[in-house]
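Presented below is the structure to which this report refers.
There are 2 protein chains.
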Amino acid sequence: MNYSRQRETVYNVLRSTKDHPSAAWIYDECKKIIPGIGLATVYRNLELLVAQGKAIKVPVGQDQDRYDADISLHFHGACPICGKVWDEEISAPLNAALKAECEKNNSEGFSLTFFRVCGDCKAKQEQ
Amino acid sequence: MNYSRQRETVYNVLRSTKDHPSAAWIYDECKKIIPGIGLATVYRNLELLVAQGKAIKVPVGQDQDRYDADISLHFHGACPICGKVWDEEISAPLNAALKAECEKNNSEGFSLTFFRVCGDCKAKQEQ
DNA sequence: ATTAAATTGAGAATTATTCTCATTTTTGCT
DNA sequence: AGCAAAAATGAGAATAATTCTCAATTTAAT
Chain A
2 MNYSRQRETV
12 YNVLRSTKDH
22 PSAAWIYDEC
32 KKIIPGIGLA
42 TVYRNLELLV
52 AQGKAIKVPV
62 GQDQDRYDAD
72 ISLHFHGACP
82 ICGKVWDEEI
92 SAPLNAALKA
102 ECEKNNSEGF
112 SLTFFRVCGD
122 CKAKQEQ
Chain B
2 MNYSRQRETV
12 YNVLRSTKDH
22 PSAAWIYDEC
32 KKIIPGIGLA
42 TVYRNLELLV
52 AQGKAIKVPV
62 GQDQDRYDAD
72 ISLHFHGACP
82 ICGKVWDEEI
92 SAPLNAALKA
102 ECEKNNSEGF
112 SLTFFRVCGD
122 CKAKQEQ
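If you read the protein sequences in the order shown, they are chains A and B. Under my numbering, the first sequence has 32 at position 31, and the numbering climbs by one with no breaks. Under my numbering, the second sequence has 104 at position 103, and the numbering climbs by one with no breaks.
Now the structure itself:
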């Protein structure tokens, strides 16, 4: 695999945030750095990063996929309305139990997501 | 909300399987019972069933969403290649810890999915 | 420098899902 | 049974995220 400035930029942009961004957001950020970058290039390199284990795709059952450069064992909260994704703190015992389970059944990985309406969407509902 | 044969059929088809089918598969099965049923009707009623809490959407980060009429507390395995979804057995302690966590942070629900290449895809890889 | 392999950008193509709207079905009421 | 309002449908158009194609450019080894 050869070096490319585009790939490096996609990775840097993804690493720059904890917001679990969508491909479209990453594309917009990359354009600020490499104005001529193509959307397909962003998708291509995100897919590569995931295949290489340098990023994960966070499935939330919304229209757009979310990406995360944090590949450590951690968990997500997601708003079922707007699709926003955040890191969710869970108890140490649960953390340990999950880690053990994952090792026991030798999964490549797992995804644990709690669904909860986020503050913004709750405010809009109450209007 | 009024009764409709289409809605009942969508629900019955979904309940008839443990395969976590896609909307397209459900549509094909429904057509065997109501040949003239429309695809939009299937989507509409799946969405309704989810909103009513009679089914869940299983996000697996693949192209198509998967649905499940089993709304009990349980967990999934998913193949990252073909998107197949199955029910995954986990240990009682983990089960209890998850239940507690969910109640503690009063989430509407959560999704726990282990990723593992399925037998079919593994066989294809080795060819 | 040269060349083969890898990567890109542009836009077309694909595909899952949602939307629109005229028509049909359901249901409460008489 | 007959009627009207509300709900639901089917068909196909519209939307939107993602993938594909391919000629042109860039990378990296010789």
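Note that the Cβ used here is the ideal one computed from N, Cα and C, for glycine as well. As the structure is a computational prediction, the values presented were derived from the model and not from experiment.
Assuming the contact rule is C-beta atoms closer than 8 Å, residue i and residue j should be a hit. Round their C-beta distance to whole Å, please.
{"i": "B/Asp66", "j": "B/Ala24", "result": "7 Å"}
{"i": "B/Ile35", "j": "B/Gln7", "result": "6 Å"}
Looking at residue j and residue i, is the spacing between their C-beta atoms short of 8 Å?
{"i": "A/Cys103", "j": "B/Phe76", "result": "no"}
{"i": "A/Val14", "j": "A/Leu47", "result": "no"}
{"i": "A/Arg117", "j": "A/Cys83", "result": "no"}
{"i": "A/Leu50", "j": "B/Ala98", "result": "no"}
In the DSSP output, which residue or residues are listed as bridge partners for residue i?
{"i": "A/Tyr12", "result": "According to DSSP, which records beta bridges pairwise, A/Tyr12 is partnered with nothing at all."}
{"i": "A/His77", "result": "A/Asp88 and A/Thr114"}
{"i": "A/Lys58", "result": "A/Tyr68"}
{"i": "B/Ser23", "result": "B/Arg67"}
Let me check understanding here. Comparing Cα to Cα, which of the options lies closest to residue i?
{"i": "A/Asp69", "options": "A/Ile57, A/Lys105, A/Ile91 and A/Gly78", "result": "A/Ile57"}
{"i": "A/His21", "options": "A/Glu48, A/Pro60 and A/Tyr44", "result": "A/Pro60"}
{"i": "B/Asp71", "options": "B/Leu40, B/Ser5 and B/Glu89", "result": "B/Glu89"}
{"i": "A/Ser73", "options": "A/Lys85, A/Glu9 and A/Ser112", "result": "A/Ser112"}
{"i": "B/Lys123", "options": "B/Cys31, B/Asp64, B/Lys19 and B/Lys85", "result": "B/Lys85"}
{"i": "A/Arg45", "options": "A/Gly78, A/Ser5, A/Ile91 and A/Asp64", "result": "A/Ser5"}
{"i": "B/Gly54", "options": "B/Glu109, B/Glu127 and B/Asp121", "result": "B/Glu109"}
{"i": "B/Thr18", "options": "B/Gly62, B/Ile91, B/Ala41 and B/Trp87", "result": "B/Trp87"}
{"i": "A/Cys119", "options": "B/Gly39, B/Asn106 and B/Asp29", "result": "B/Asn106"}
{"i": "B/Lys100", "options": "A/Ser92, A/Lys100 and A/Ala101", "result": "A/Ser92"}
{"i": "B/Ala52", "options": "B/Lys125, B/Glu127, B/Gly62 and B/Met2", "result": "B/Met2"}
{"i": "A/Val43", "options": "A/Asp121, A/Gln63, A/Glu127 and A/Glu9", "result": "A/Glu9"}
Is residue i near the ligand FMN, going by C-beta to nearest heavy atom under 7 Å?
{"i": "B/Gly39", "result": "Among the ligands in the structure shown, none appear at all, so the ligand FMN cannot be discussed."}
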